[in-house]
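Structure first, then comments.
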Amino acid sequence: MNLIYNSENYSVVEYSEDAEHEALRFGGYEITDKAVRREWFIGGPQALSFRHGVTELIASEPSIEEIDDFLGQYDGCMRQSVLLH
0 MNLIYNSENY SVVEYSEDAE HEALRFGGYE ITDKAVRREW FIGGPQALSF
50 RHGVTELIAS EPSIEEIDDF LGQYDGCMRQ SVLLH
């Protein structure tokens, strides 16, 4: 587990690939929206797609606001309440 992004609005934790657990076969990401205290775990093929999107975004040397905007597109998927973080 590795914290790869942390702003006032969002945090992103990356989980390493783990062939013994199907959800982590391709690695995974936990995205947390701090304002609404919700999170979403992305695993499997969705993790690959997210990683690709992040790689493209980082190549453009984005501002924190642009990264937060990118993560904001996942707000509708964040349904799990954050109880302890």
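Numbering follows numbering that gives the first Met the number 0, in which position 76 of the sequence shown is assigned residue number 75; successive positions increment by one, without gaps.
Using N, Cα and C, we set each Cβ at its ideal position, and we do this for glycine too.
In this text the structure is predicted, and so the values were computed from the model without any measurement.
With 16 other Cβ atoms within 10 Å as the buried cut-off, status of residue i
i	result
THR31	buried
ALA34	exposed
GLY71	exposed
ILE41	buried
GLY27	buried
ILE3	exposed
C-beta atoms of residue i and residue j nearer than 7 Å
i	j	result
GLU16	GLU29	no
MET0	VAL12	yes
SER8	ASP74	Residue identity check: residue 8 is Asn in the sequence provided, not Ser. Contact: no.
SER6	ILE57	no
Three-state class that DSSP yields for residue i in the structure shown
i	result
GLU65	helix
SER6	coil
PHE40	strand
GLU29	strand
Closer than 6 Å: residue i CB and nearest the ligand NAP heavy atom
i	result
ASN5	Looking for the ligand NAP in the displayed structure turns up nothing, as the structure carries no ligands at all.
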